[in-house]
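Participant: Under full-length UniProt numbering, the residues of the sequence shown are numbered 1 to 890, in order.
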Amino acid sequence: MKTAEIRQRYLDFFARHGHAVVPSAPLIHSDPNLLFVVAGMVPMVPYFTGAEPAPWKRAVSVQKCIRTLDIEEVGKTTRHGTFFQMLGNFSFGDYFKAEVIPWTWEFLTGSVEDGNLGFDGDRLYVSVLGPGHHPSYPDGDVEAREIWRSIGLPDERIVSRNLTENYWHMGVPGPGGPDSEIFYDRGPEYGPADLDAGEDRYLEIWNNVFQQEELSAVRGKDDFDVARPLPSKNIDTGAGLERMAYLLQGKNNLYEIDEVFPVVQRSAELAGISYGDREEADVQLRVVGDHVRSALMLMTDGVTPGNEARSYVLRRLLRRTVRSLRLLGVTDAVLPELLQVSRDVMSASYPDVLTQWERVSSAAAAEEQAFTRTLDAGTQIFDTAVRQTLQESGSTLTGERAFALHDTYGFPIELTVEMAQEQGLEVDTEAFRSLMTEQRERAKADARAKKGGAASVEAYRELRGQGETTFVGYTDLVADTTVAGLIVDGQVVDRVPAGQVAELVLPVTPLYAEAGGQDADAGQITGDGLALEVLDVQRPVPGLVVHQVRVDAGELHLGQQVHAAVDPQARLAASRAHTATHIIHAALRQVVGPNALQAGSYNKPGYLRFDFNASEGLSADMRAEIEGISNEAIGADYAVTDQQLPLSEAKERGAMAMFGEKYPPIVRMVELNGPWSRELCGGTHVERTAQIGLLSLLGESSVGAGVRRVEALVSKEAFQQLAAERALVANLSGMLKVQPDQLAERIEKLVTDLKSAERTIAQAQKDQALAAVPTLVAAAEEINGVRLVASHQPQVTGNDLRGMATAVRDQLGQGPGVVALIGGQDKPQLVVATTAAAREQGWKAGDLVRDVAAVLGGRGGGKPDLAQGGGTDGTKIPDALAAVRTALAG
């Protein structure tokens, strides 16, 4: 039975039992504490905790998940995968144990002809919470045990387990309850008849969680206090689709199922080997099969390779894939080919992998090309570091060397660790992390407190439980309302005195919370004797708008009547920039093509930036065309309209959506001139495009593999920029005494003449330096049988200094000779050269240059015959030259 068929049978089964079929949420998760959806129930957490009202009483989904904590185990075990799909059926205060347990058994063991899976019931075991583990359950979960018995499961296949194994909670106060897991017995060839002996034989395939109580304190997985029964009992079911697939398909592991094995097989063909011949190679093939599928799904959901957060996880998956292929002997670029193989098998369940293919393929190709260069350069440096470590009789690659590989050559630390293990070495990852932290702190010191004073999620959830914030700012810039909640330093409070900063919740607000790339509104909130300045507006949890305010006058308290007002000029400027972002998107798709899809954006009054998917940069002509199309749309005075409609209808009408965004069933669609620009958007906009006035494209650049960025100014800021450029042109034209249309030609001639003059001067300096060589040779002094030329040449630097040193050395004759020349003055440069006879006596240029450079307050190094360095203290030049004489004399 194919994986897609198992998936569909599950959805159909629970749909027949009254469940709403909920599409998988994107892999990208909105919770800042989670990079990805890591479990099937994660999108449902707000409904279980009460932070949001559940849209359905019962629901079913097949949720895409990414988990990389056990990435090192991928390929080595039968069940570890970075991408997996979780089957989930959920009840929000509707059915409970008496319904879900029989349904579970029916679907698992019922006949295939009736739409079930047809597992052999005699090979299924279940676990329930046993007696004596918690005061609330002195006899364990008796109810679940009795229901299992009632459907015919014998006692010997109902196993009692402790709280660690059979009780669920979120690790914090909130909902909790016992669970009941289902295991499939794979047979005695996989291990002993003991459910606790590991999962090789008894594979968990299903888990029903019975949320039935509220926990008041959680100290550990098996240490918590129960406060009271939940007002409504919930069901949370999780079942592993890949595990079911490899059992039903008669395979040994998840890498051999129909959605993964085609990539494994094609990788083996590219490597000229056969899967199953050699375990070491099989591990690499399985890594490729798993990582290619994971990368495909991540990129389809809008993640692009990069160095931060989600982007780095994707980059690591792609680079581990390339590295595994290299170990198998595949050196050609093959990622797009393997991703296409995965695309073809995943499209049955996820059609987006087809519609997003061009973007995904180009991003993967760019990343593979970039990493191949990194791998080739970094491997040479890595090999040198390994040799040095072994020569020093060490078994650990230092954190400094690992950091240099990462910082200079872009070598991921995970790759350094893997390659070091292949050489029998460890890596001092603790020292590496410390260096990374130091670098990160230096780089981010100015931005660390961008959004200070954030409250805990628990405080937000408490206030969200009082109701959803109504946003009226699309039509009204003012609203009279009351203070519904206050937070100071993460704690819910009743009042806030003057001079203090707090977070304020209003039932109704006209102030736009930062979202969709648009900055938050500026504004004021006033009341009887009260004046608040709005510093920021955010949505920390769905449905809740929080205003960060400073109390300038009066005392702020709960229940207070207030008047909230948006700064109209700032709102208009922000709306101009946001509508211009939609115009840029439409222009890009017109010029670059339909695959130039949004990958991110940011806009504020007067400015916008827009990230889009593209493998190549924009030419000057393309930039001019995009700017022209944008200003034509502005001048055409298109009507900007919006409407609320079902998500499915908006997509059918071609509305553009941000990949990876989670959209509600009812969405807001914004149109400019009808289908010319049609996007899902929650931001604020002008009524007609002519209100924008003007758009000036600043430039275009790369922000990662397969992602480009354009920046632009709009409205008054665009005019001011163009006026400044016009003044600059007028100024330069006056200085050079030419007409503006002749300015470029005149500057080009000046640059050509300047480069010619620089070449003439450089040649003259080189000739002058070489002319001094005979004089230096004649002045050579002899120390311990070695002819030494030690001289300061303040006018000679760079390659000229190096050439001068080698020329002097060549004229010293066949005997032992050392040349030490220092060039420059304030930041001296140093070159040391030695003759063959000097090197035979042990005088090596690399050793000498290190000693001399240290006197100058710097460092140096190089080969025995020629080395160079530099320093920071020009006053020490005489001492440095004396150090050479001292070394030879010693």
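Beta carbons are placed, not taken as given, at the ideal position from N, Cα and C, and that holds for glycine. The structure presented is a predicted model; accordingly, all values stated were derived computationally and were not measured.
Skipping 5 residues on each side, what residues in its chain have a beta carbon closer than 6 Å to that of Gly-815?
Facilitator: Within the same chain, Gly-815 has close Cβ partners Ala-837.
Participant: Pull up the distance between the alpha-carbon of Leu-254 and that of Thr-237, whole angstroms please.
Facilitator: Within the model, the alpha-carbon separation for Leu-254 versus Thr-237 is close to 21 Å.
Participant: Pairs of beta-carbons, one from the stretch 64-80 and one from the stretch 89-103, closer than 8 Å: are there three or more?
Facilitator: The stretch 64-80, when compared against the stretch 89-103, does not touch it at the 8 Å Cβ threshold.
Participant: Assuming Val-686 contacts His-563 under a Cβ cut-off of 8 Å, what Cβ separation, rounded to an integer in Å, is found between them?
Facilitator: Wrong, their Cβ atoms sit about 25 Å apart, outside the cutoff.
Participant: Note the first and the last residue of the continuous alpha helix (DSSP H) segment covering Met-867.
Facilitator: Before going on, a small fix: residue 867 reads as Ala here, not Met. Ala-867 -> not in any alpha helix (DSSP H); beta strand (DSSP E) instead, spanning 866-870.
Participant: Measure from the alpha carbon of Leu-87 to the alpha carbon of each residue in Glu-181, Arg-7, Met-1, Gln-793, then state which is nearest.
Facilitator: Arg-7
Participant: Kindly indicate which three-state DSSP category Asn-166 falls into: helix, strand or coil?
Facilitator: helix
Participant: Take every Cβ of the stretch 584-595, pair it with every Cβ of the stretch 613-626, and state whether three or more of those distances are shorter than 8 Å.
Facilitator: yes
Participant: Do the CB positions of residue 894 and Phe-183 come within less than 8 Å of each other?
Facilitator: Since the displayed the chain opens at 1 and closes at 890, residue 894 lies outside it and no answer follows.
Participant: Leaving out five residues on either side along the sequence, give the residues of the same chain with a beta carbon under 6 Å from the beta carbon of Val-22.
Facilitator: Ala-59, Ser-61
Participant: Does DSSP put Ala-271 in a helix, in a strand, or in coil?
Facilitator: helix
Participant: Exposed or buried, Leu-888, counting other C-beta atoms within 10 Å across all chains shown (16 or more means buried)?
Facilitator: Result: buried.
Participant: Taking just the CA atoms, how far does Leu-821 sit from Val-808?
Facilitator: 10 Å
Participant: Just grab the DSSP bridge partners of Leu-129 for me.
Facilitator: Arg-161
Participant: Which whole-angstrom value describes the C-beta separation of Gln-538 and Ala-513, a residue pair presumed to lie in contact below a C-beta threshold of 8 Å?
Facilitator: Yes, Gln-538 and Ala-513 are in contact; Cβ-Cβ is about 5 Å, under 8 Å.
Participant: Under three-state DSSP, which class holds Lys-827?
Facilitator: coil
Participant: Whole angstroms are fine: how far does the CA of Val-738 sit from the CA of Gly-635?
Facilitator: 33 Å
Participant: Quick check on Leu-34: buried or exposed, where buried means 16 or more other Cβ atoms within 10 Å of its Cβ?
Facilitator: Of the other Cβ atoms in all chains shown, fewer than 16 fall within 10 Å of the Cβ of Leu-34; this residue is therefore exposed.
Participant: Determine the burial state of Glu-259: buried for a count of at least 16 other Cβ atoms within 10 Å of its Cβ, exposed for fewer.
Facilitator: buried
Participant: Note down the Cα distance separating Arg-320 from Glu-269, rounded to an integer number of angstroms.
Facilitator: 19 Å
Participant: Would you mind sorting Ile-747 into buried or exposed? The rule is 16 or more other CB atoms within 10 Å of its CB.
Facilitator: exposed
Participant: If you draw a straight line from the C-alpha of Arg-495 to the C-alpha of Glu-358, how long is it?
Facilitator: 55 Å
Participant: For Val-818 versus Leu-770, is the C-beta spacing smaller than 8 Å?
Facilitator: The answer is no: Cβ separation not under 8 Å.
Participant: Assess contact between the stretch 267-285 and the stretch 295-303, defined as three or more Cβ pairs (one per stretch) separated by less than 8 Å. Is contact present?
Facilitator: With the cut-off at 8 Å, the stretch 267-285 and the stretch 295-303 do not touch.
Participant: Nearest to Leu-153 by CA position, among Asn-166, Arg-161, Glu-165, Val-128, is which residue?
Facilitator: Comparing alpha carbon positions, the residue from Asn-166, Arg-161, Glu-165, Val-128 closest to Leu-153 is Val-128.
Participant: Are the CB atoms of Val-341 and Arg-266 nearer to each other than 8 Å?
Facilitator: A contact, by the Cβ cut-off of 8 Å.
Participant: Answer with buried or exposed for Gln-211, where buried requires no fewer than 16 other C-beta atoms within 10 angstroms of its C-beta.
Facilitator: Under this definition Gln-211 is a buried residue.
Participant: How would you write the range of the alpha helix (DSSP H) that Phe-411 sits in, first residue to last?
Facilitator: Careful: Phe-411 lies outside any alpha helix (DSSP H) and carries neither H nor E.
Participant: Could you please give me the residues that DSSP links to Gly-543 through a beta bridge?
Facilitator: None; Gly-543 has no bridge partner.
Participant: If you draw a straight line from the alpha carbon of Val-218 to that of Leu-618, how long is it in whole angstroms?
Facilitator: Leu-618 has its alpha-carbon roughly 55 Å from the corresponding atom of Val-218.
Participant: Excluding the five sequence neighbours on either side, which residues of its own chain have a C-beta within less than 8 Å of the C-beta of residue 892, listed in chain order?
Facilitator: A question about residue 892 goes unanswered here, because the residues of the chain that appear run from 1 up to 890.
Participant: Excluding five sequence neighbours on each side, which residues of the same chain lie with their C-beta closer than 8 Å to the C-beta of Ala-333?
Facilitator: Ala-365, Glu-368, Gln-369, Thr-372
Participant: Nearest CA to the CA of His-19: which residue from Met-41, Pro-46, Lys-57, Gly-40?
Facilitator: Lys-57
Participant: As a quick exercise: from Val-832, Gly-50, Gly-813, Thr-68, pick the residue whose alpha carbon is nearest that of Pro-234.
Facilitator: The question names Pro, but residue 234 is Asn in the sequence shown. The option with the nearest alpha carbon to Asn-234 is Gly-50.
Participant: For Lys-451 and Tyr-663, I'd like the C-alpha separation in whole angstroms.
Facilitator: Reliability of the predicted coordinates at Lys-451 is poor, the pLDDT of 39 falling under 50, and the value obtained from them is presented with this limitation in mind. Approximately 25 Å, taken between the alpha carbons.
Participant: Can you give me the Cβ contacts of Gln-500 inside the same chain, cut-off strictly under 6 Å, excluding the 5 residues immediately before and after it?
Facilitator: Val-551
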